[in-house]
Amino acid sequence: MAEGEDMQTFTSIMDALVRISTSMKNMEKELLCPVCQEMYKQPLVLPCTHNVCQACAREVLGQQGYVGHGGDPSSEPTSPASTPSTRSPPPP
1 MAEGEDMQTF TSIMDALVRI STSMKNMEKE LLCPVCQEMY KQPLVLPCTH NVCQACAREV
61 LGQQGYVGHG GDPSSEPTSP ASTPSTRSPP PP
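Using full-length UniProt numbering, you'd call the opening residue of the sequence shown number 1 and step up by one each time.
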């Protein structure tokens, strides 16, 4: 191979590596929990379509009083706004 071809091949390979590296960094960002900023551990998709770790969801929802019975974020909420005693009665 001529020196010019070697340089062109090297440049092409380096460009491909930069693209792959950029793609990997973007993929890693997609796999980070927005609460703890770590890779997802037992990820949950919330009704709003956000993703969080199950432990982070439990912690945040617990702090806000929204964790249901048994500490399961997917169970019925127990916040004052959603308890049967504070709901408006259904219309007649």
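The beta-carbon is built from N, C-alpha and C at its ideal position, and this holds for glycine as well.
For residue i, the three-state DSSP class (helix, strand or coil)
| i | result |
| --- | --- |
| residue 44 | strand |
Endpoints, alpha helix (DSSP H) assigned at residue i
| i | result |
| --- | --- |
| residue 18 | 3–30 |
Segment limits, beta strand (DSSP E) that includes residue i
| i | result |
| --- | --- |
| residue 52 | 51–53 |
Whole-angstrom distance between residue j and residue i, CA atom to CA atom
| i | j | result |
| --- | --- | --- |
| residue 37 | residue 6 | 42 Å |
| residue 56 | residue 8 | 49 Å |
| residue 12 | residue 23 | 17 Å |
| residue 4 | residue 14 | 15 Å |
| residue 39 | residue 65 | 26 Å |
| residue 25 | residue 48 | 25 Å |
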